[in-house]
Amino acid sequence: MDNLAHRILVVGLGMSGVAAAKALSLKGRQVVACDLKTRDELGTLVEELESLGVRVVTGGYPEVNRETTDLVVTSPGVPRTIPPLKQAEDLGIPVWGEVELAYRFSPAPFVGITGTNGKTTTTALLGQMLQDAGRQVLVGGNIGVPLVLAVESLTPQHLVVAEMSSFQLEGIHQFRPRVAAILNVTPDHLDRHHTVEEYAQVKSRIFMNQGPEDFAVFNHDCPVCRGMVDKTRGSVIRFSRLEQLDEGVMVRDGQVVIRWKGREDVVLRPEEIYIRGAHNLENAMAAIACATALGVPADSLARTLREFPGVAHRLERVAEIDGVLYINDSKGTNPDSTIKALESFTEPIVMIAGGKNKGSDFSQLAGLIRERVKCLVLLGQAAPDIHEAVARVGFKDIYRTSTFEEAVMKASSLAEPGDVVLLSPACASWDMFRNYEERGDLFKSLVGSIAEEKKV
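Letter 229 of the sequence shown, counting from 1, is numbered 446 in this note's numbering, and no numbers are missing.
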């Protein structure tokens with residue numbers, strides 16, 4: 218945009234920060250990029266950015282002042298309490314996230330999807346629904362693809378379907394999605410947002426700039442989501458797995474039904490949806506609501522739902538070895554997500570859990586572990602917290618391990634034919650891994666090694 222600030226500080230050189238620095242430099246802005254990592258730790262990335270004219274500060278942060286900085290762009294994982302962001306806030310210098318930048322650069326409208334759980338599946342599913350209906354779609358955001366560079370090649374006929382985390386929503390200002398959806402709100406990231414109320418308030422920012430011609434999709438079954446309806450000026454579409462609605466997406470007489478704008482369409486039976494579990498029925502209904510607002514017909518939605526296989530690291534079937542099914546749910550990074558995973562299986566479960574606790578309470582999860590889990594293998598920083606919670610409800614089949622490899626091998630040794638080995642950590646990965654994808658990939662690799670050993 219021609220009126221974009223000229224002197225810009227990019228804080229954090231993760232994927233989104235690097236993409237923002239490149240995009241801004243290519244637009245002729247004066248860019249300084251910084252990271253706590255040293256030059257050696259960042260490797261060739263520094264030379265790559267410097268070749269584009271970006272000044273890179275490593276091993277710390279430069280001071281922010283009005284003489285040198287017009288705008289700060291921050292990576293979502295960077296806490297808002299660090300010095301450059303606090304300095305910018307105190308001086309009234311805008312602090313944007315990479316998604317805000319992408320929105321301002323994009324000629325295409327956005328669809329934004331947020332919620333504690335189900336964001337990635339719903340975002341990917343909606344993207345597939347739109348593609349199957351012949352629409353031109355870019356899927357990205359928190360799902361792993363920084364948008365700021367990708368939107369440059371789009372046209373107004375495209376749609377950007379963006380997964381939005383609470384961290385990303387902290388950094389929006391003018392971001393206005395044509396369709397915005399909130400799937401659910403349960404306690405998460407309380408180490409950053411402190412209270413559920415503060416966390417919910419950040420989530421509701423997705424609706425703050427919508428107008429009457431936009432659409433807002435809400436989970437009617439989530440009390441927190443119901444309380445957000447007044448946060449939007451857009452046309453409200455509700456979905457409910459549990460109740461009948463005057464208008465919206467619901468289950469009636471064993472069918473998923475859309476009742477919208479004076480007409481009613483049957484989509485399919487819930488059991489026809491390829492991805493399993495009550496939570497995935499909710500994800501599917503959210504995607505149906507968004508796609509309906511964008512004009513996709515019910516028969517097209519049904520075709521996609523019968524074939525969509527899900528996303529990597531979310532209840533991903535890895536292998537069946539000697540009658541034991543191995544499931545990668547590394548994206549289960551909070552207790553509520555892991556509860557949904559446990560509820561998806563009727564088989565005996567050998568569960569691997571633990572990692573970095575984000576301020577979660579494991580009490581409710583512990584009750585379901587007592588009901589559904591045969592053996593529990595724990596590791597990581599949160600292992601003592603989970604151990605205490607499950608011991609409190611009388612669960613005793615607990616095994617503590619010191620490495621991820623040891624945890625997977627222990628779970629495999631405990632499993633018998635007919636069991637499920639489920640990696641669903643209920644915690645972040647940051648104590649041992651860079652992200653949940655790295656954790657899930659290692660799980661799949663180790664399961665592959667187990668399969669090879671069984672063949673010998």
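Backbone N, C-alpha and C fix where the C-beta goes; we use that ideal spot for every residue, glycine too.
Using DSSP bridges, identify the partner residues of residue i.
{"i": "Tyr278", "result": "For Tyr278, which the question treats as bridged, DSSP gives no partner whatsoever."}
{"i": "Thr331", "result": "Ile399"}
{"i": "Asn497", "result": "Asn497 pairs with nothing; no bridge assigned."}
{"i": "Ala433", "result": "Ala397, Val453"}
{"i": "Trp736", "result": "The requested residue 736 does not occur in the structure, where the chain is confined to residues 218 to 673."}
{"i": "Asn545", "result": "Glu533, Leu640"}
{"i": "Trp313", "result": "Val290"}
{"i": "Val248", "result": "Ile225"}
{"i": "Gly465", "result": "Arg476"}
Could you tell me how far apart the beta carbons of residue i and residue j are, in whole angstroms, since I believe they sit closer than 8 angstroms?
{"i": "His390", "j": "Pro311", "result": "7 angstroms"}
{"i": "Leu302", "j": "Val290", "result": "Going by Cβ atoms, the distance from Leu302 to Val290 rounds to 11 angstroms, so no, they are not a contact pair."}
{"i": "Leu318", "j": "Val365", "result": "5 angstroms"}
{"i": "Thr619", "j": "Leu596", "result": "Position check: residue 619 holds Ser in this sequence, whereas Thr was assumed. Rounded, the Cβ-Cβ distance is 7 angstroms, consistent with contact."}
{"i": "Arg272", "j": "Val249", "result": "5 angstroms"}
{"i": "Met381", "j": "Asn359", "result": "6 angstroms"}
{"i": "Arg486", "j": "Gly471", "result": "6 angstroms"}
{"i": "Phe525", "j": "Gln345", "result": "5 angstroms"}
{"i": "Asn497", "j": "Ile505", "result": "The pair is not a contact, with the Cβ atoms about 12 angstroms apart (cut-off 8 angstroms)."}
{"i": "Val484", "j": "Ile475", "result": "6 angstroms"}
Let me make sure I understand the geometry here. Which of the options has the alpha-carbon closest to that of residue i?
{"i": "Ser629", "options": "Pro552, Ala536, Glu306", "result": "Ala536"}
{"i": "Gly549", "options": "Arg523, Thr563, Asn574", "result": "Asn574"}
{"i": "Gly494", "options": "Gly635, Gln581, Glu560, Ala417", "result": "Glu560"}
{"i": "Gly229", "options": "Ala238, Ala222, Leu221", "result": "Ala238"}
{"i": "Thr337", "options": "Ala250, Ile556, Gly465, Asn500", "result": "Asn500"}
{"i": "Asp447", "options": "Gly465, Ile423, Val368", "result": "Ile423"}
{"i": "Met502", "options": "Ile544, Leu459, Val249", "result": "Leu459"}
{"i": "Ser383", "options": "Ser370, Gly329, Ala341, Leu347", "result": "Gly329"}
{"i": "Gly576", "options": "Thr403, Val594, Asn545", "result": "Thr403"}
{"i": "Val453", "options": "Cys507, Lys254, Thr285", "result": "Cys507"}
{"i": "Arg246", "options": "Thr372, Thr255, Leu269, Glu265", "result": "Leu269"}
{"i": "Pro690", "options": "Asp602, Thr449, Ile505, Thr298", "result": "Absent from the model: residue 690. The displayed extent of the chain is 218 to 673, so no value can be given."}
{"i": "Pro279", "options": "Ile299, Ala515, Ala624", "result": "Ile299"}
{"i": "Val368", "options": "Ala325, Ala398, Leu342, Leu343", "result": "Ala325"}
{"i": "Val625", "options": "Glu654, Val590, Ser662", "result": "Ser662"}
Considering only residues of the same chain and omitting the five flanking positions on each side of residue i, which have a CB-CB separation below 8 angstroms?
{"i": "Met218", "result": "Interpretation of Met218 is limited by its pLDDT of 48, a score under 50 that renders its predicted location unreliable; the figure taken from the coordinates is listed afterwards. Taken in chain order, the residues that qualify are Arg321, Phe322."}
{"i": "Thr393", "result": "Position check: residue 393 holds Arg in this sequence, whereas Thr was assumed. Answer for Arg393: Tyr320, Phe327, Asn426, Gln427, Gly428, Asp431, listed in chain order."}
{"i": "Glu564", "result": "Leu542, Gly635, Asp636, Val637"}
{"i": "Val419", "result": "Ser383, Leu386, Glu387, His410"}
If I measure Cβ to Cβ from residue i and keep anything under 7 angstroms in the same chain, skipping five residues before and after, which residues do I get?
{"i": "Leu659", "result": "Phe621"}
{"i": "Cys592", "result": "Val567, Asp614, Tyr616, Leu631"}
{"i": "Asp349", "result": "Ser517, Arg520, Thr521"}
{"i": "Asn610", "result": "Strictly speaking, residue 610 in this sequence is Val, with Asn absent from that position. Within the same chain, Val610 has close Cβ partners Ala583, Gly584, Arg587."}
{"i": "Ser233", "result": "Ser292, Pro293, Glu315, Pro363"}
{"i": "Gly527", "result": "Thr338, Ile492, Glu533"}
{"i": "Ala222", "result": "Asp287, Leu288"}
{"i": "Gly231", "result": "Ser292, Gly294"}
Using the rule of at least 16 other Cβ atoms within 10 Å of the residue's Cβ for burial, across every protein chain shown, is residue i buried or exposed?
{"i": "Asp539", "result": "exposed"}
{"i": "Pro642", "result": "buried"}
{"i": "Lys478", "result": "exposed"}
{"i": "Val235", "result": "buried"}
{"i": "Gln353", "result": "exposed"}
{"i": "Gln385", "result": "buried"}
{"i": "Pro440", "result": "exposed"}
{"i": "Arg651", "result": "exposed"}
{"i": "Lys671", "result": "exposed"}
{"i": "Gln461", "result": "exposed"}
{"i": "Asp252", "result": "buried"}
{"i": "Leu308", "result": "exposed"}
{"i": "Pro514", "result": "exposed"}
{"i": "Thr255", "result": "exposed"}
{"i": "Arg523", "result": "exposed"}
{"i": "Gly451", "result": "buried"}
{"i": "Thr412", "result": "exposed"}
{"i": "Thr261", "result": "exposed"}
Would you check whether the ligand FMN has a heavy atom nearer than 8 angstroms to the C-beta of residue i?
{"i": "Ala325", "result": "The ligand content of the structure shown is nil, which means the ligand FMN is not present either."}
If I measure Cβ to Cβ from residue i and keep anything under 6 angstroms in the same chain, skipping five residues before and after, which residues do I get?
{"i": "Trp313", "result": "Val290, Gly388"}
{"i": "Val607", "result": "Ala583, Ile586"}
{"i": "Arg656", "result": "Ser547, Ser646, Phe650"}
{"i": "Leu226", "result": "Val249, Thr286, Val289"}
{"i": "Lys627", "result": "Val594, Tyr616, Thr618"}
{"i": "Thr449", "result": "Phe424, Gln427, Ala433"}
{"i": "Gly332", "result": "Ile399, Leu400, Asn401"}
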